[in-house]
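Reading through the structure tokens given below for one structure.
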Amino acid sequence: MLQPKTPPTLEAFRADAQRWLRSVAKPRKVHDSAWGEGSDSVALFDNLDHDVEVEMIEAGKAWERARFDAGWGTISWPVEDGGLGYPAIYSRAFDEEERNFDVPRRSEIFEVTRKLIPPTILKWGTEAQKARWNRAFLRTDEMCCQLFSEPGAGSDLAGVTTKAIRDGDQWVLTGQKVWTSGARFSQWGLAVCRTDPTVAKHAGLTTFMVPLDAPGVTVRPIRQMSGGSSFSEVFLDDVRLGDEYRLGPEGSGWGVALTTLSAERIASNDLGADAVPKMLALAKRVGAGSSPLLRHAAVSWWSHIRIHELNEHRVAASLEAGEEPGPEGSIGRLYCTQNLTRTSELAALILGPRLVADVGEWGTYAWTEQVLGAPGYRIAGGSQEIQRNIIAERVLGLPKEPK
Ligand SMILES: Cc1cc2nc3c(=O)[nH]c(=O)nc-3n(C[C@H](O)[C@H](O)[C@H](O)COP(=O)(O)OP(=O)(O)OC[C@H]3O[C@@H](n4cnc5c(N)ncnc54)[C@H](O)[C@@H]3O)c2cc1C
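Numbered by the numbering used here, the letters in the sequence shown go through residues 760 to 1162 in order.
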């Protein structure tokens, strides 16, 4: 096994990252958070014309490729698989530095493709599968979505009913997946399927890499209340796949899915961070400090934002010490999505009717998209109730909920 190169100090690494970022991107303008200048978007989901969305995805991919080719795409990836093998804190540090630069915005499918699927393939894939997909996904040459949820299986993922039946040296997949983020822009989907209905439900699952252009696959976008169609329904009608598309041994689908889900729980705790300076600008603009009601609400909101930031520092400290984040990791995801709701509530309180009636004023009606997007993140990647169950049972050691 190849050994990771000795990493530089975090400070030296950050300085290197900044040097590279400065050579390829402009620093994010400070006035992004000032009133009336730049974009006032605080949207959590995109609501764009198809052509504009395609353009944005292509710009995101070009950025990812440049980053990968310069060696910043696989900072914590194992050395034997082409990475630098540095501790996870280094990847996080790079992401933090990147946020200070004006780089293309990337929707949730980028995170799924780069951060959730490759670690799953790394753990469960054959050498041929790792070579086929991981570089392509880390570099976003091809995109991959998560075909997990179904109309009758979300929180209870082990209850999926999409069937995969062996037919000679092939598999035939039939069923329906739903809420599949980024399916419209993906070439692949990682699908959890039932291969054995006669055993306990967790034991009868197997996962497959499904090419979304295969005959029998239909992707039908779902319109969200925030306007766009970030996710889709995906129908699988007698989709035939060779055995080389099976990821992990037959019956190991639950373990494969858990690998993806645990990567998801630590991947996206900075959701809504871009809206924080815009909320501060809004609060100042309306003079929230001189109204007892608004001042109290704004200070309460700010306290929760700071608590989340401090908790994230604890996550970073665990990573820096080479440890898996403990309770702070589980709390981070829940707190992050709760703060999206707190931000929506403060926006509604400050703006009143201007939240629902577009009077053409910069930085006001734009908050509707944040307010209509936040509820999605109370559910995506495991609902808040499920996150609470995890904290109760695995962190606090409380008795398991009755089945
Ligand atoms: C924006 C968004 C993006 C998504 N992207 C994807 C994706 O890319 N791929 C994918 O496969 N899925 C995706 N999903 C689906 C998501 O994973 C599921 O919606 C989620 O797991 C909840 O499942 P469900 O919708 O079936 O609700 P259910 O599981 O039916 O839950 C309904 C309600 O009951 C509560 N509940 C359920 N079980 C318990 C329990 N044991 N204890 C307490 N309360 C409980 C839930 O919290 C919820 O409030 C996405 C969802 C959203 C909103």
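Where a beta carbon is used, it is the ideal one built from N, C-alpha and C, also for glycine.
Please determine, among D1033, R1101, V862 and P846, the residue with the shortest C-alpha to C-alpha distance to S782. Here residue 782 corresponds to residue number 23 of the sequence shown, with the count starting at 1. Checked all of D1033, R1101, V862 and P846; the closest Cα to S782 is V862.
Just to check, is the beta-carbon of N893 closer than 8 Å to a non-hydrogen atom of ligand 1? As a first step, residue 893 is located in the sequence shown; it is residue number 134 there, counting from the start. No, the beta carbon of N893 sits no closer than 8 Å to any heavy atom of ligand 1.
Range of the contiguous beta strand (DSSP E) that encloses V998: Taking the sequence shown and counting its residues from 1, one reaches residue 998 at position 239. Unbroken beta strand (DSSP E) run through V998: F990 to G1001.
Touching by the beta-carbon criterion (3+ pairs, under 8 Å), the segment 1052 to 1065 and the segment 1095 to 1105: Yes, since at least three Cβ pairs between the segment 1052 to 1065 and the segment 1095 to 1105 fall closer than 8 Å, the two stretches touch.
Pair within 9 Å by beta-carbon distance, E1144 and S908: Taking the sequence shown and counting its residues from 1, the one referred to as residue 1144 is at position 385. Taking the sequence shown and counting its residues from 1, the one referred to as residue 908 is at position 149. Contact: no.
Proximity test, L1105 beta-carbon vs ligand 1 heavy atom, cut-off 8 Å: As a position in the sequence shown, residue 1105 is number 346, starting the count at 1. Every heavy atom of ligand 1 is 8 Å or more from the Cβ of L1105, so no.
Check each candidate in E1082, P1086, V1015 and V993 and name the one with the smallest Cα separation from S945. Walking along the sequence shown from the start, residue 945 turns up at place 186. Here the closest residue by C-alpha is V993.
Can you find a heavy atom of ligand 2 that lies under 8 Å from the Cβ of C952? Summarising the ligand content, the structure contains ligand 1 and does not contain ligand 2.
Quick test of your reading: Y737 and F896, contact by CB under 8 Å. State the CB separation rounded to the nearest angstrom. Outside the displayed span of the chain (760 to 1162) sits residue 737, for which this structure offers no information.
Tell me which residue opens and which closes the alpha helix (DSSP H) that M984 is part of. Position 225 of the sequence shown, counted from the start, is the residue given in the question as residue 984. Per DSSP, M984 belongs to no alpha helix (DSSP H) and is neither H nor E.
CB contact flag (L964, A1016, <9 Å): On the sequence shown, residue 964 is found 205 positions in, with the first residue counted as 1. On the sequence shown, residue 1016 is found 257 positions in, with the first residue counted as 1. Contact check for L964 against A1016 passes: the beta carbons are separated by less than 9 Å.
Beta-carbon separation of D997 and L932 under 9 Å? Along the sequence shown, one-based indexing puts residue 997 at 238. Along the sequence shown, one-based indexing puts residue 932 at 173. Remark: C-beta atoms of D997 and L932 approach each other more closely than 9 Å.
Have a look at R858, A912, E857 and S835 and flag the residue whose alpha-carbon is nearest the alpha-carbon of P877. To locate residue 877, count along the sequence shown from 1; it is residue 118. Measuring from the Cα of P877, the nearest candidate turns out to be S835.
Give a yes or no on whether the C-beta atoms belonging to Y845 and P910 are separated by under 9 Å. Along the sequence shown, read from residue 1 onward, the residue named residue 845 stands at position 86. Along the sequence shown, read from residue 1 onward, the residue named residue 910 stands at position 151. In this structure, P910 does not lie closer than 9 Å to Y845 by Cβ.
Is the beta carbon of T899 less than 9 Å from the beta carbon of E823? Mapped onto the sequence shown, residue 899 falls at position 140. Mapped onto the sequence shown, residue 823 falls at position 64. Taking 9 Å as the cut-off, the Cβ atoms of T899 and E823 count as close.
So within the segment 859 to 900, which uninterrupted alpha helix (DSSP H) runs reach at least 4 residues, ignoring any that extend past its ends? Listed in chain order, the complete alpha helix (DSSP H) runs (minimum 4 residues) inside the segment 859 to 900 are 867 to 870, 876 to 883 and 894 to 897.
Please confirm whether L1108 and L1052 have their CB atoms less than 9 Å apart. The sequence position of residue 1108 within the sequence shown is 349, counting from 1. The sequence position of residue 1052 within the sequence shown is 293, counting from 1. Taking 9 Å as the Cβ cut-off, L1108 and L1052 qualify as a contacting pair.
Please specify which runs of the alpha helix (DSSP H), each continuous and at least 4 residues long, are wholly inside the segment 1019 to 1044, giving them in chain order. The qualifying runs are 1034 to 1044.
N- and C-terminal bounds of the alpha helix (DSSP H) containing D972: As a working note, residue 972 is residue 213 in the sequence shown. Unbroken run through D972: none, as it is neither H nor E.
Please report how far the alpha carbon of G948 lies from the alpha carbon of R1054, in whole angstroms. On the sequence shown, position 189 is the one that residue 948 refers to. On the sequence shown, position 295 is the one that residue 1054 refers to. If you take the alpha carbons of G948 and R1054, they lie about 47 Å apart.
Which complete alpha helix (DSSP H) runs does the segment 808 to 865 hold, if anything under 4 residues is left out? Positions of the alpha helix (DSSP H) runs, each at least 4 residues long and wholly inside the segment 808 to 865, are given as 809 to 828 and 847 to 857 in order along the chain.
Considering T1102, what are the terminal residues of the alpha helix (DSSP H) in which it resides? By one-based count along the sequence shown, residue 1102 stands at place 343. Its alpha helix (DSSP H) spans residues P1086 to L1110.
Can you tell me whether S1089 is buried or exposed? The criterion is at least 16 other CB atoms within 10 Å of its CB, across all chains shown. Residue mapping note: residue 1089 aligns to position 330 of the sequence shown, counting from 1. Flag for S1089 reads buried.
Thinking C-alpha only, which one of M1038, A1076, W883 and R787 is nearest L1110? Taking the first residue of the sequence shown as position 1, residue 1110 is located at position 351. With distances taken between Cα atoms, L1110 lies closest to M1038.
Closer than 8 Å to a non-hydrogen atom of ligand 1 - does that hold for the CB of S1142? Here residue 1142 refers to the residue found at position 383 of the sequence shown. Within the chosen limit of 8 Å, ligand 1 reaches the beta carbon of S1142 through at least one heavy atom.
Own chain residues within Cβ distance below 8 Å of K785, not counting five before or after: In the sequence shown, the residue the question calls residue 785 occupies position 26. Excluding the 5 residues flanking it on each side, K785 has same chain C-beta neighbours closer than 8 Å at F860 and D861, in chain order.
Alpha carbon to alpha carbon, what distance is there between Q777 and C904? Here residue 904 is taken as the residue at index 145 of the sequence shown, counted from 1. Here residue 777 is taken as the residue at index 18 of the sequence shown, counted from 1. One Cα belongs to C904, the other to Q777, and the distance between them is close to 31 Å.
Write down every uninterrupted run of the beta strand (DSSP E) in the segment 1108 to 1160 whose length is 3 residues or greater and which is fully enclosed by it, in chain order. Runs found: none.
Could you give the distance in angstroms between the alpha-carbon of P1161 and the alpha-carbon of R787? What you label residue 1161 is simply residue 402 of the sequence shown in a count that begins at 1. What you label residue 787 is simply residue 28 of the sequence shown in a count that begins at 1. When rounded, the distance between both Cα atoms is 50 Å.
To the nearest angstrom, how far is it from the Cα of A1047 to the Cα of A1057? Your numbering for residue 1047 matches position 288 in the sequence shown. Your numbering for residue 1057 matches position 298 in the sequence shown. Annotation: A1047 to A1057 spans about 7 Å, alpha carbon to alpha carbon.
Check whether the Cβ of E1160 sits closer than 8 Å to any heavy atom of ligand 1, and report yes or no. As a first step, residue 1160 is located in the sequence shown; it is residue number 401 there, counting from the start. Yes, the beta carbon of E1160 sits closer than 8 Å to at least one heavy atom of ligand 1.
Look up R778 in the DSSP assignment and say whether it is helix, strand or coil. To locate residue 778, count along the sequence shown from 1; it is residue 19. It is helical.
CA-to-CA distance, T1096 to L1163, given in whole angstroms: Past the edges of the chain, shown from 760 to 1162, lies residue 1163, and the structure says nothing about it.
Our contact map puts A1032 next to Q1129 with C-beta atoms below 8 Å; I'd like the distance itself, whole angstroms only. Locating residue 1032 in the sequence shown gives position 273, where the first residue counts as 1. Locating residue 1129 in the sequence shown gives position 370, where the first residue counts as 1. Actually they do not touch by this definition, with Cβ atoms about 12 Å apart.
Could you tell me which of G819, T833, W831 and D828 sits nearest to R865, measuring between CA atoms? Along the sequence shown, one-based indexing puts residue 865 at 106. Ranking G819, T833, W831 and D828 by CA distance to the CA of R865 puts G819 first.
Between D915 and ligand 1, is the CB less than 8 Å from at least one heavy atom? On the sequence shown, position 156 is the one that residue 915 refers to. True, at least one ligand heavy atom lies under 8 Å from that Cβ.
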